[in-house]
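Each protein sequence line maps, in turn, to chains A and B. Here the first sequence is numbered in this note's numbering, starting from 671 and rising by one per residue. Here the second sequence is numbered in this note's numbering, starting from 2 and rising by one per residue. Glycine residues also receive a C-beta, built at the ideal position from the N, C-alpha and C atoms. None of these values were measured; they are calculated from a predicted model.
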Amino acid sequence: MVGAVHGIPPLRRSRGGAVLAFAAATLLCGVSPAEEGPTKVSAQFFDQYCSDCHYEDKSGGLDLSVLTYDPDNRDNFATWVRVFDRVSAGEMPPKKKKERPTPADLATFTRSVSASLTAFEKEVTARDGRAIQRRLNRYEYENALRDLLNVPWAQVKDKLPLDGEAYRFNKSGEALDVSFVQMERYLTAADYAMRQAMSAAFERPEQSARKIYARDAIGSQRYRPSENGTLSDRLMFPVLDSHAQPEVRAGRAPNTSPETREREAVGKVSSIFSDSGQYGWGFNAPAAGRYRIRLKGYSVWVSGGGIGRWFYEGQGAEKAPVYWLPVWHRPNADEIWPGRNDEPIGVYAQSSGQTRPIGVMDFTPRPAVGEIEVQLAVGESIRTDAMRLFRTRVNGTDEQYVNPLATKEGMPGYAVQWLEVTGPLEDAHATSGYRLLFGDLPMRRLGAGEKGGVPLDRVTSVVSLPAFGGPGGGPFRPSVTNVAVEVDSKAPQQDAERLLRHFIQAAYRGPVDESEIQRFLGLFNREFALGSGFARSMLTAYTGVLVSPGFVFVEEQPGRLDDRALATRLALFLWNSTPDAALRARAEKGELHEPEVLRAETERLLDDPKSRRFVDAFTDYWLDLRKIDDTSPSATIYNDYELDEPLKLAALDETQLFFAELLRANLPARNVVTSDFTYLNERLANHYGIPGVKGAKMRRVTLPRDSERGGLMTMASVLKITANGTTTSPVLRGHWITERILGIETRPPPPTVKAVDPDIRGAVTIRQQLAKHRDNPSCAACHSKMDPSGFALESFDVMGGHRDRYRAVAEDVKPEAGFGLNGQAFAFHYGLPVDSAGELPDGRAFHDIKEFKRLIVRDEVPVARNLARQLVAFATGVPVRFTDRAELEKILQHASSRQYGVRTLVEEVVRSELFQTK
Amino acid sequence: MNEKFSAPFIAARRAVSRRRFLRGAGVAMSLPFLDAMLPGFARAASGSAAATPRRMLGICNNLGLRPDLFFPTSAGRDYVASPYLELLSAHRNDFTVISGVSHPNVDGGHPADISFLTAAPHPASSSFRNTISLDQHIAERIGNFTRFPSLTLAVNGAARGLSWTGAGVAIPPEERASEVFNQLFLQGTPDEVDAQIHRLDTGRSILDAVADQAKDLQRDVGARDRSRLEQYFTSVRDLEHRLQESRDWERKPKPVVSFAAPPEITNPAQYMDKVKAMYDLARLSFETDSTRAITLMMNSVGTPAVTIPDATITDSYHNLSHHGKAEEKLAQLKVLDEWHMKLLAKLFDDLAAVSEGGERLLDRTMILYGSNLGDANAHSTINLPTLFAGGGFRHGQHLAFDRAQNYPLPNLFVSMLQRFGLEEDKFASSTGAMRGLEMA
């Protein structure tokens, strides 16, 4: 039904006037009472109690004199819900108004509005369902392809256009559009993923261990500066048993010798913040799969006083370097000492155009071996680099591009001995993706001059090993090229039909009509007849399947979901992917909807490691974690945080691990606000001022009794996301916390309000700037709800570090030298002291964030309710609507005996009507 | 990865703006418009829009310019140039500077850059839906005159672009100038062309199959769900259509240029070099009539400390923009802003130096340089710094509107559409054509 039918003309009239327009409309259209909505009853009510302020748009942006009832229009419907909510909560008409409605008037009004809104929503639900049909989002499409084809390393998400968002998540059909761009990307992505699966089965090497010595991988010419350039901090240097080897460095002794080989190392004092890093080990994964990476090395301390820069004079044989004076912040690579601290070393997987962090290892002053296991795509290379030593960081000296932690006593560095890569590790399922595509048919290289074929990425082996330190020598250079392959079939037609039938059933998550098989078989036949060969013709048909509505759309019928749809919804909720074979089997037997079975499957999915995808996808949107890199701390006043990757990564990990733990251990929802534990590593613990946590590994830590940390809102991730890198705004932070954590939605300010212009000169605090704002009563209505949490969080800076005073820049004040929490020297100027006190809308006062959290958590129900609402929106693509409110309360009621455990909330959402109906 | 082998069909070569599928061949206009080359080729006229080619380049610097140094203090034709505009004084009569304009209800600070050419309201809200951008609106109408209906480019940000389809879907921008250059001017071998045509046909047959399925499924679903399947169906047909048009272009030779391929610049700190490379590409594309609508997002927000000859920039671009009125930061920001002006002056020079049909190419090329932020320090989205150059208007003036209660910027888009010869009087939240702006 379209809006024109429901759309009742506005009640155009002057205050106290007759409702002529409405009456005329009723007569003309002959609308029945059910369709006329709440306008009739409300007209009188509005006239009597609301007109003083809300006619002709005098207040709150709501002009009741022109308010129509047009429920198909989402904004209009929301307006009516808001009217209902404010009136039934007693907020409107305002208490100070003299003429107030009688209880009977009130009841008549709210009942009428409620009845209309309910009738409309129920009708929509019956006809179309709560949700409208949607396609998979890019996270889900990636996971679905990874699971179907067993290619967990495949990077699909970034090949697809950004998804639209509705109701905060990327789960609603209202925002998940399809365009020709989307279609094009599906074609490319599906093809890529299938070729990855083929590649994993082609030339699969035996598991082998390859040990690469740093002295071999890194040519000794990197020990010496190049002409007119290389700053000494970028050079590498030979290290043996934590000490320098000046003779080797000068080229007067061999780079490596058999007696010392195992103990030899190569050192460095800086790292590069980009993908053009050092210590590329000359290893490219020969095949996709799982690899074990071991790295041996240790931290060192390097004396300062090295040469600032080399210059040369003279020509030809006369040419000789001219040294400049030594400077304290440049390394003297001929003076190396055992390390004074641990150094976290990042491990990265690199392919053309992208770098992804795959692990962190601690280097200690004593040599040790770190080990990780990772998934690599074919051709990906390994890079290792110190995470704290980005040379582009500012360190408080005038000189740029030095070790950021350099002091007059020298600087930290690290030395690597060797890297050992073992793999691809034995994996019985390694070729299961290929088998889904081609069964037992053999794959071979395409013959010369043969048509067709499918191109696969392939690593060509090392051509030659340059002599150590010889001219032009460098690391190994295996390269990634293409090889065309073909799959042989003796009976192409029969094989094609057999394989395709099996493939479609796997991809379509359920039984498939014969006509669908024939549809895609037609694609194979056409392509095969054109001479494209068996493999490429099959991929053509499969591509059709993987971009078709049957795969990319989530199929649901209005009413209660059938078992197949329920299985898909459950998997998309808890794995952010499509159902596995076991879940599908339950659905196909028609027993998934049975409460016991559904409960058991929910448990199984939650217990599976794949549930981490839910944690990441949910927190990416609910808490905006995907926006962690949207701003970076100012290099002027927060340069102690500049390029602090370890801190940022730990902050992200903390939030994800924390939520995963709430889910795993079914901890009460109130932990979202305040909790006695969190996840920390050394860097993050340092940031929070919590002693006793050593090393880069994240672990569960019980917080000190009086800690201000614990709960989401005092996590560095959230505090970073809610700041802009330079300043914090209690309004913006408060608004975010109010919406995401406390579950109170506030409307955006009217367009005429001017944003507060941040001032970091230190003379005025943001609170003082805002005071004027809050004194305005129409602003105060929302600000009294939003600002308290923002004020309480003023004691945290843009990266979530505790502060008692603001930081500022000012030209007329001499900056004072300070020390960053990571030991890095920097300079800044203190501004005014922070005031983190405030009061809640109900008048309860708090002095700081700890008291604020205590007040909030005194009633844990709103906190649990908010979490349940977010879960419902994520799981069903639709927020809790007007008519869903009772069902939401049921979810809460069922969870109350478990103190609103997070896992229980998830289970109750699954059990609810909201989840089980379209 | 070797691009030639990247997919068995369709996406075999990286598309310009990654849109592989080109509108084609209503007219035989595939060849350069360069005067020197014209005599050898017959020129088919087709409608008024083809008679005099008009072009647009829409540029958004998503951190804007310092308003105190950009906006002139006096209005009209006799305005006194501001410090920044001094740097463009050689072209004073080639541009109009506009103050007191913004997109109505486009707020939310940084996220507003994606609304710069769409004017879709409230880009930061959770229920935001973007709408078609000016360049796509134009490409849909006249894109078939050129090999590429449009180019979507970006500096330092493949994730954020200015071009959005009619479905409100982002067209991912291309940020590698060399790649765009290859697509524009590198010929394929006959084998490659045959293979490409085979791939396009395969793509079309796949799309046919899935379109049929979508049609079948539509029968069984309710109205709201059907609208989603219809959108899918339309997208498939749209893509098929583009494949067909693309196929038509495959056998036509690409233009020959003497300009060398631009170097690959990967370092985001070389921001200004990247901008210059994109300006050069835009000029070449227009000169060869390879496209008539180009957008360029300068993602300053995602740019680290910029490398500038003879100047030291200590902070990332975004941090500088949050200068908090600190002199040191303001000074560095000024250096960057001035570079923007110098590069624009060079672009104007270059476009003015090319002659087409007896006119300067500049006079047939509308250049909109602006930002979604009026003052990045406060994230304000009003009083946007706006420079409008070329395209055949009576320039040389400062159009000054109320800096607090702004005049709608979409009105300028309407003027641009009309300059294209399109009979349109509305774009997004426009209220008419730009007041005070007259065609030459």
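Interface residues of chain A around residue i at Cβ under 8 angstroms?
i              : result
G204 (chain B) : L857
V336 (chain B) : Under the 8 angstroms cutoff, chain A gives no residues; its nearest Cβ is about 16 angstroms from V336 (chain B).
T166 (chain B) : S849, F850, V851
P173 (chain B) : P831, V851
By how many angstroms is the C-alpha of residue j removed from the C-alpha of residue i?
i               : j               : result
E175 (chain B)  : L154 (chain B)  : 5 angstroms
A140 (chain B)  : M417 (chain B)  : 13 angstroms
S1377 (chain A) : S236 (chain B)  : 55 angstroms
Q137 (chain B)  : L282 (chain B)  : 19 angstroms
D1250 (chain A) : L819 (chain A)  : 12 angstroms
I309 (chain B)  : P263 (chain B)  : 19 angstroms
I295 (chain B)  : M367 (chain B)  : 10 angstroms
L135 (chain B)  : K966 (chain A)  : 57 angstroms
A401 (chain B)  : D221 (chain B)  : 57 angstroms
R752 (chain A)  : A1056 (chain A) : 54 angstroms
A863 (chain A)  : Q825 (chain A)  : 8 angstroms
G393 (chain B)  : M440 (chain B)  : 6 angstroms
V1479 (chain A) : A1433 (chain A) : 10 angstroms
T1077 (chain A) : M906 (chain A)  : 19 angstroms
E1167 (chain A) : I1028 (chain A) : 41 angstroms
Does any residue of chain A bring its CB to less than 9 angstroms from the CB of residue i?
i              : result
D213 (chain B) : yes
Y408 (chain B) : no
N320 (chain B) : yes
D239 (chain B) : yes
G189 (chain B) : no
D316 (chain B) : yes
G391 (chain B) : no
What does residue i reach in chain B if we use C-beta pairs closer than 7 angstroms?
i               : result
N1394 (chain A) : H323
F1190 (chain A) : A210
V1479 (chain A) : G325, A327
M1057 (chain A) : The premise fails here: M1057 (chain A) is roughly 18 angstroms from chain B at the closest Cβ pair, so nothing lies under 7 angstroms.
G1220 (chain A) : Q214
At a Cβ threshold of 9 angstroms, is residue i touching chain B?
i               : result
G959 (chain A)  : no
G1214 (chain A) : yes
G1470 (chain A) : no
I802 (chain A)  : yes
D1300 (chain A) : yes
A691 (chain A)  : Only weak support exists for where A691 (chain A) lies, its pLDDT of 38 falling under 50; the value from the coordinates is given anyway. It does not; no Cβ of chain B falls within 9 angstroms.
F1223 (chain A) : yes
S944 (chain A)  : In this predicted model, S944 (chain A) has a pLDDT of only 44, less than 50, meaning its place in the structure is not dependable; the value taken from the coordinates is given anyway. Closer than 9 angstroms to some Cβ of chain B, the Cβ of S944 (chain A) qualifies, so yes.
Buried or exposed for residue i, please, with buried defined as at least 16 other CB atoms from any protein chain shown within 10 angstroms of its CB.
i               : result
G1589 (chain A) : With chain A running from 671 to 1588 in the structure shown, residue 1589 (chain A) is simply not present.
E1184 (chain A) : exposed
A434 (chain B)  : buried
N840 (chain A)  : buried
A278 (chain B)  : buried
V1285 (chain A) : buried
S49 (chain B)   : Here S49 (chain B) scores only 43 on pLDDT, less than 50, and its place in the model should not be relied on; the value that follows carries that caveat. It counts as exposed.
E1156 (chain A) : buried
Give me the chain B residues within the contact set of residue i, using Cβ-Cβ distance strictly less than 8 angstroms, ordered along the chain.
i               : result
E1197 (chain A) : T203, S206
Identify the contact partners of residue i in chain A, using a Cβ-Cβ distance below 9 angstroms as the criterion.
i              : result
L163 (chain B) : The contacting residues do not exist; L163 (chain B) stays about 14 angstroms from chain A at best.
Return the chain-ordered ranges of every beta strand (DSSP E) run that is complete within the stretch 1144–1211 of chain A and spans a minimum of 3 residues. Within the stretch 1144–1211 of chain A, the complete beta strand (DSSP E) segments of 3 residues or longer fall at 1149–1157, listed in chain order.
Just list the alpha helix (DSSP H) runs in the stretch 695–782 of chain A, keeping only unbroken ones of 4 residues or longer that don't cross its boundaries, in chain order. Restricting attention to alpha helix (DSSP H) runs no shorter than 4 residues, the stretch 695–782 of chain A encloses them at 703–706, 709–715, 721–724, 744–758, ordered along the chain.
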